[in-house]
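In the working numbering, each residue's number is its place in the sequence shown (first place is 1) plus 81.
For each residue, glycine too, the CB sits at the ideal point set by N, CA and C.
Quantities reported herein were computed from a predicted structural model and do not represent experimental measurements.
Report on one structure; see the data block that follows.
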Amino acid sequence: MISATKLPTHTVNQEAIDQFCDACWLEDGLSKNSLSAYRRDLTLFANWLELDSECTKSIYQVVEADLTAYMASKRDDKASTANRRLTVFKRFYRYALRQHLVEQDPCLKLRAAKQAQRFPKVLSEEQITTLLNTPDTAEALGLRDRTMLELMYASGLRVSEIVSLKTVALGLNEGVVRVVNGKGGKERLVPFGAEAGEWLRRYLQEARHVLLEGKTCQEVFVGRHTGSGLTRQAFWSIIKRYAQLADIKVPLSP
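What follows is the structure, given as structure tokens:
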């Protein structure tokens with residue numbers, strides 16, 4: 082690990098954040114909005130470290146307890162905000178570990194906050210579980226559908242956001258998807274859980290190429306024989322069909 086004791090802590094932290102953001106821009110081509118959000122979250126954390134640590138720490142000297150204390154100090158924030166912040170921290174420390182700037186990742190045991198789900202509010206937890214378990218995951222279509230439902234449940238993404246999701250926007254290692262809003266092209270990072278991540282990996286490895294039949298497509302979720310992404314209407318039709326198979330009699334609509 083590189084020693085940070087010869088420079089003022091504030092300087093070390095600022096250089097660390099600058100280097101990380103530069104790497105994100107070069108490696109992933111993140112937008113200015115995303116980079117600004119990364120920089121803001123890390124700078125606020127670094128400032129907190131400098132002001133609130135018993136002995137001033139650099140961002141490279143952080144341990145799990147520091148992150149836990151900082152997240153606790155922000156407990157009034159929305160779950161989505163807390164999860165976005167945690168996603169940034171995980172990405173930063175994974176980068177620092179690769180660069181041998183830290184000896185271990187202090188984020189390893191930290192878990193995302195539970196978010197409100199975007200499944201129809203009329204469904205109970207039991208009905209949602211039944212719906213998730215209905216697709217036949219031994220088949221390519223069923224594996225695709227189970228993955229879409231798992232991602233929708235884990236991330237709170239809208240149907241329109243899921244069907245328009247591109248493969249380049251998936252961060253499986255970070256557990257995050259990059260979503261671009263229609264108005265103004267504003268970009269945001271949306272975390273998803275380990276369960277949805279495993280289904281995504283399995284779908285991408287086992288089913289997507291089967292459905293594409295040699296064709297190419299930017300969208301993550303593709304139709305059979307079409308070589309293109311699904312429409313919003315097609316996804317809702319899929320949800321309704323599985324609801325019927327699961328004997329869920331509550332009317333569902335977009």
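- [ ] Within the region 106-157, note down every full beta strand (DSSP E) run reaching 3 residues or more, in order along the chain.
- [x] none
Task: Under 8 Å between C-beta atoms of Leu232 and Ala277 - done: If you number the sequence shown from 1, residue 232 lands on position 151. If you number the sequence shown from 1, residue 277 lands on position 196. Yes; because the gap between Cβ atoms is below 8 Å, this pair is in contact.
Open item on the list: Could you check whether Leu130 and Asp147 sit closer than 8 Å to each other, using their CB atoms as the reference points?
Closed with: The count along the sequence shown starts at 1 and reaches residue 147 at position 66. The count along the sequence shown starts at 1 and reaches residue 130 at position 49. In this structure, Leu130 lies closer than 8 Å to Asp147 by Cβ.
Task: Range of the contiguous beta strand (DSSP E) that encloses Leu270 - done: Taking the sequence shown and counting its residues from 1, the one referred to as residue 270 is at position 189. Start and end: 268-272.
Open item on the list: Can you give me the C-alpha to C-alpha distance between Lys321 and Arg156, rounded to a whole angstrom?
Closed with: Taking the first residue of the sequence shown as 1, we reach residue 321 at position 240. Taking the first residue of the sequence shown as 1, we reach residue 156 at position 75. When rounded, the distance between both Cα atoms is 37 Å.
Task: Under the three-state DSSP convention, the category Glu255 falls into - done: Within the sequence shown, the letter at position 174 stands for residue 255. DSSP places Glu255 in coil when its eight states are reduced to three.
Open item on the list: For Ala327 and Ala250, what's the separation of their Cα atoms in angstroms?
Closed with: Residue 327 sits at position 246 when you count from the first residue of the sequence shown. Residue 250 sits at position 169 when you count from the first residue of the sequence shown. Roughly 32 Å between the two C-alpha positions.
- [ ] Please go through the region 197-241 and give each complete alpha helix (DSSP H) segment of 4 or more residues, from N-terminal end onward.
- [x] 206-214, 221-236
- [ ] Can you tell me which of the three DSSP states Ala85 falls into?
- [x] Numbered from its first residue, the sequence shown carries residue 85 at position 4. With a pLDDT of 44 at Ala85, under the threshold of 50, the modelled position of this residue cannot be trusted, and the question is left open.
Open item on the list: DSSP three-state label for Gly308, please.
Closed with: Along the sequence shown, one-based indexing puts residue 308 at 227. DSSP places Gly308 in coil when its eight states are reduced to three.
TODO: Find the nearest neighbour of Val244 within the set Gly304, Arg179, Arg313, judged by alpha-carbon distance.
DONE: As a first step, residue 244 must be located in the sequence shown, where it is residue number 163. Out of Gly304, Arg179, Arg313, Arg313 has the C-alpha closest to the C-alpha of Val244.
TODO: With DSSP as the reference, please indicate the residues paired to Val261 in a beta bridge.
DONE: As a first step, residue 261 is located in the sequence shown; it is residue number 180 there, counting from the start. Partner(s): Glu268.
- [ ] State the Cα-Cα distance for the pair Leu292 and Arg225, rounded to the nearest angstrom.
- [x] Residue numbering aside, residue 292 sits at position 211 when the sequence shown is read from its first letter. Residue numbering aside, residue 225 sits at position 144 when the sequence shown is read from its first letter. If I take the Cα positions, the gap works out to 9 Å.
Task: Beta-carbon spacing of Thr124, Val257 below 8 Å - done: The residue you call residue 124 lines up with position 43 of the sequence shown. The residue you call residue 257 lines up with position 176 of the sequence shown. The answer is no: Cβ separation not under 8 Å.
Task: Same chain only: Cβ atoms within 7 Å of Arg282, ignoring 5 sequence neighbours per side - done: Residue 282 sits at position 201 when you count from the first residue of the sequence shown. Closer than 7 Å at the Cβ level, and outside the excluded window around Arg282, lie Leu253.
Open item on the list: So, with DSSP's three-state summary, where would you put Lys247?
Closed with: On the sequence shown, position 166 is the one that residue 247 refers to. Lys247: strand per DSSP, three-state reduction.
Task: Counterpart residues of Val303 in DSSP-defined beta bridges - done: Taking the sequence shown and counting its residues from 1, one reaches residue 303 at position 222. The partner list for Val303 (beta bridge, DSSP) reads Gly310.
Task: Given Lys98 as reference, the closest of Ile209, Leu116, Thr307 once Cα atoms are compared - done: Taking the first residue of the sequence shown as 1, we reach residue 98 at position 17. Reading the sequence as shown, one finds Ile at residue 98 and not Lys. The shortest C-alpha separation from Ile98 is found at Leu116.
Open item on the list: Measuring straight from C-alpha to C-alpha, what distance separates Lys330 and Arg239?
Closed with: Numbered from 1 along the sequence shown, position 249 holds the residue referred to as residue 330. Numbered from 1 along the sequence shown, position 158 holds the residue referred to as residue 239. Taking the straight line joining both Cα atoms gives about 22 Å.
TODO: Could you check what DSSP says for Pro335 in three-state terms: helix, strand or coil?
DONE: One-based indexing of the sequence shown puts residue 335 at position 254. With a pLDDT of 49 at Pro335, under the threshold of 50, the predicted position of this residue should be treated as unreliable, though the coordinate-derived value follows. Looking at Pro335 - three-state DSSP - the assignment turns out to be coil, as it is neither helix nor strand.
- [ ] Report the option in Gly304, Phe173, Ser236, Thr297 whose CA atom is closest to the CA atom of Tyr119.
- [x] The count along the sequence shown starts at 1 and reaches residue 119 at position 38. Per the Cα distances, Phe173.
Task: Distance between His91 and Arg259 (C-alpha atoms, nearest Å) - done: Here residue 259 corresponds to residue number 178 of the sequence shown, with the count starting at 1. Here residue 91 corresponds to residue number 10 of the sequence shown, with the count starting at 1. Near 30 Å, if we compare the C-alpha coordinates of His91 and Arg259.
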